[in-house]
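Some notes on the structure that comes next.
In the working numbering, the protein residues as written are 10 to 607.
Written out as structure tokens, the structure reads:
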């Protein structure tokens, strides 16, 4: 067929762009399946990269088979029965277990090569009992385990950065049965420089006979590499004591602020009444037009096929009418405000907004107890987030290997992770999610479909508990900055316990792989299928030829361009090696595979 088609290729029509958006309900329906798919894919990509750099094996093919099986056209779209969902979720659980086991084995292999003899300290640990604490914590959420391998006050951590560029961000450290005074906890880097830190929650939390403290530290980690942290108890210092004057009345402000953003919440309904970008002076919200609005929408169900089709919005109810503020925390590294409300048939929504030091992204963590059930007569309940905008001309959406621009449309459209609303000044508002895909760019704003209670073929697809991670960022709309913002949001820094007095050949901080180049995105980094070398897959987001520069921890002996099947290309695409650096020029919008060997 293809040989015959090639003979008349000059007479065949060429079609570019998207054709239609049929079955827009499938972008959201059965949200647990969507989340299982997205988190499994992300875990496998990160695990393959870590295993390839550590040169260790992992059971990734069986895990990928489980994930890909669930991408069958009635499983991933959510157009299946309850039994379909249960089977799929079991597969995701197995895939995540395989992926995270492989990732931990790889990261431990890397950590075992770090020489820690210069930062270790002898300590009397006879009365400590932290070793082995925390088994299974917090793997139930699909995360890496934080099992204790420490004792005493002086503890070492390796912090892993899974992205191919340097990062200065916050990292969570879990300290099991730490005998020190948490008020004097100190964190230093491998060179002894003090780092800013913050106890996330006061007190020591019980877990199966052990107690833990979770701390934040601001750390710089090189591209796809690691840094070493030292946790200890600082010497006691005099503390100034002051008392608030009980006769002084001060206004109550719900404000989150850092170097880049200032976010003000309404005292009445917790909506965002000000979102100030300090760089441009632009306020993206105001009391007359507040932002970050959670809404309960009633969809028309009369068309049927409710798993497949989003019905017309017949009623929109704000969920900011009976808000109760739960807590507000203000620390040197992270500030947060938490509010909650009840709605519908006994459902609850708890939202935590947090802003980190140095971040241009406001994080929203929503905890939902969903008890809404749809019907053909009363319609379908839908939970959504609405971000008002000032008549954007177009939106850009994250898709595999790049972005796509779409005009405002009166229906949901798919995106992998984010939607971007650019403005004329080169600035943009970016809405990102770790596992939601149904976006709707409208003339007056941007909507993200969070949960929808379809009624067929499964009449109760969403009943239960849901955890939703979202982010709203002010970013540049040029190059791959939006993509890097989404990468940072979806791939947090990981901290692993590191052994004391360990002899190794690696330094305390090192980059194993770095990618440089304008609008060049790393698609995958993995071991070659035949076991010979490393596979690096790149995508160019540019309309112009771009040079990709790949820097490895040691100089490669060979670098060749290949196809997706990891086979030699008929045309000899030039790949240059200069010490530890490999360079290749990518054609516009090209997807390119490289094989690197030593």
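The beta carbon of each residue, even a glycine, is placed where N, CA and C say it ideally should be.
Bear in mind the structure is a predicted one, so any value in this text is a computation, not a measurement.
Reduced DSSP category for residue i - H, G, I as helix; E, B as strand; rest coil
{"i": "residue 75", "result": "helix"}
{"i": "residue 498", "result": "helix"}
{"i": "residue 350", "result": "strand"}
{"i": "residue 356", "result": "strand"}
{"i": "residue 411", "result": "strand"}
{"i": "residue 43", "result": "helix"}
{"i": "residue 276", "result": "coil"}
{"i": "residue 535", "result": "strand"}
{"i": "residue 64", "result": "coil"}
{"i": "residue 480", "result": "strand"}
{"i": "residue 373", "result": "strand"}
{"i": "residue 53", "result": "helix"}
{"i": "residue 341", "result": "coil"}
{"i": "residue 491", "result": "helix"}
{"i": "residue 365", "result": "strand"}
{"i": "residue 286", "result": "strand"}
{"i": "residue 421", "result": "coil"}
{"i": "residue 48", "result": "helix"}
{"i": "residue 18", "result": "helix"}
{"i": "residue 226", "result": "strand"}
{"i": "residue 10", "result": "coil"}
{"i": "residue 59", "result": "helix"}
{"i": "residue 599", "result": "coil"}
{"i": "residue 560", "result": "strand"}
{"i": "residue 524", "result": "strand"}
{"i": "residue 580", "result": "coil"}
{"i": "residue 214", "result": "strand"}
{"i": "residue 551", "result": "coil"}
{"i": "residue 505", "result": "strand"}
Same chain, Cβ closer than 6 Å to residue i, neighbours up to 5 away in sequence not counted
{"i": "residue 364", "result": "265, 267, 344, 371"}
{"i": "residue 480", "result": "370, 372, 441, 498"}
{"i": "residue 169", "result": "116, 235, 503"}
{"i": "residue 416", "result": "403"}
{"i": "residue 285", "result": "271, 292"}
{"i": "residue 447", "result": "36, 37, 421, 458"}
{"i": "residue 208", "result": "191, 224"}
{"i": "residue 589", "result": "560, 561, 564"}
Close beta carbons around residue i, own chain, < 7 Å, minus the five adjacent residues each side
{"i": "residue 312", "result": "318, 320"}
{"i": "residue 434", "result": "289"}
{"i": "residue 326", "result": "304, 305"}
{"i": "residue 120", "result": "167, 505, 507"}
Beta-carbon contacts of residue i that lie in its chain and below 8 Å, excluding the five residues immediately before and after
{"i": "residue 572", "result": "578, 602"}
{"i": "residue 188", "result": "136, 137, 161, 162"}
{"i": "residue 204", "result": "196, 197, 198, 226, 227, 228, 238"}
{"i": "residue 424", "result": "406, 407, 408, 446, 448"}
Local Cβ density within 10 Å of residue i, reported as buried at 16 or more and exposed below that
{"i": "residue 454", "result": "buried"}
{"i": "residue 428", "result": "buried"}
{"i": "residue 250", "result": "exposed"}
{"i": "residue 514", "result": "exposed"}
{"i": "residue 262", "result": "exposed"}
{"i": "residue 351", "result": "exposed"}
{"i": "residue 238", "result": "buried"}
{"i": "residue 431", "result": "buried"}
{"i": "residue 463", "result": "buried"}
{"i": "residue 379", "result": "buried"}
{"i": "residue 330", "result": "exposed"}
{"i": "residue 253", "result": "exposed"}
{"i": "residue 414", "result": "exposed"}
{"i": "residue 473", "result": "exposed"}
{"i": "residue 74", "result": "exposed"}
{"i": "residue 411", "result": "buried"}
{"i": "residue 619", "result": "Nothing in the structure corresponds to residue 619, since the chain is present only between 10 and 607."}
In DSSP terms, what residue i is bridged to
{"i": "residue 390", "result": "307"}
{"i": "residue 544", "result": "535, 604"}
{"i": "residue 473", "result": "379"}
{"i": "residue 33", "result": "Answer is none; residue 33 lacks a bridge partner."}
{"i": "residue 396", "result": "455"}
{"i": "residue 326", "result": "305"}
{"i": "residue 515", "result": "123"}
{"i": "residue 431", "result": "437"}
heavy atom of the ligand SAM below 8 Å from residue i C-beta
{"i": "residue 300", "result": "This structure simply doesn't include the ligand SAM, nor any ligand for that matter."}
Checklist entry - Mind pulling the alpha helix (DSSP H) runs of 4 or more residues that sit fully within the region 67–134? => result Runs found: 69–78, 91–120.
Checklist entry - Which full runs of the beta strand (DSSP E) of 3+ residues lie inside the region 434–463, going along the chain? => result Taking only runs of at least 3 residues, the beta strand (DSSP E) segments lying wholly in the region 434–463 are 436–442, 447–451, 454–461.
Item to check | beta strand (DSSP E) runs wholly inside the region 233–271, at least 3 long, in chain order | outcome: Within the region 233–271, the complete beta strand (DSSP E) runs of at least 3 residues are 234–242, 264–266.
Item to check | Whole beta strand (DSSP E) elements within the region 146–212, 3-residue minimum | outcome: Runs found: 164–169, 176–185, 194–198, 206–208.
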